[in-house]
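Q: Take a look at this one; I'll ask things after.
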Amino acid sequence: NLKAWWSNQRGLGEAWESMAMKTVEARRKQKATTLKTRASVLNRLSFWRDTVEWKPGGAPSSPLLPCSSWGSGSPGPLHSSGSPAISSSEVGS
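Here it is, written out as structure tokens:
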């Protein structure tokens, strides 16, 4: 009886292990796609920012902030904290 119980426990352990691996794999894939979409959004934003026509007098014709104010501590359109959208810790993992 003990033998049956032990083999059952081992089976459960294997099931848990495979489930955990699947979860980790799914998370990794999700993270990769989020980084990809984020990068493409950033590319699109910068492309759009570069193609926007600037009015004489320095007033931009777009609701976005002018390029010079990006990264100088003032908040960009993506993150109000002023930090870049993709942090170095996210890229590293």
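For the sequence shown, full-length UniProt numbering assigns the number 1 to the initial residue and increments by one for each residue that follows. We treat Cβ as the ideally placed atom computed from N, Cα and C, and that holds for glycine.
1) Please report how far the alpha carbon of residue 105 lies from the alpha carbon of R28, in whole angstroms.
2) Just the C-alpha distance for residue 94 and E14, rounded to the nearest angstrom, thanks.
3) Which of helix, strand or coil does DSSP assign to G11?
4) In whole angstroms, give me the CA-to-CA distance for R10 and A26.
5) Would you identify the three-state DSSP class for N43, choosing helix, strand or coil?
A: Result, derived from the coordinates:
1) Nothing about residue 105 can be reported from this structure: the residues present for the chain run from 1 to 93 only.
2) Since the first residue shown for the chain is 1 and the last is 93, residue 94 is missing from the structure and cannot be characterised.
3) helix
4) 24 Å
5) helix
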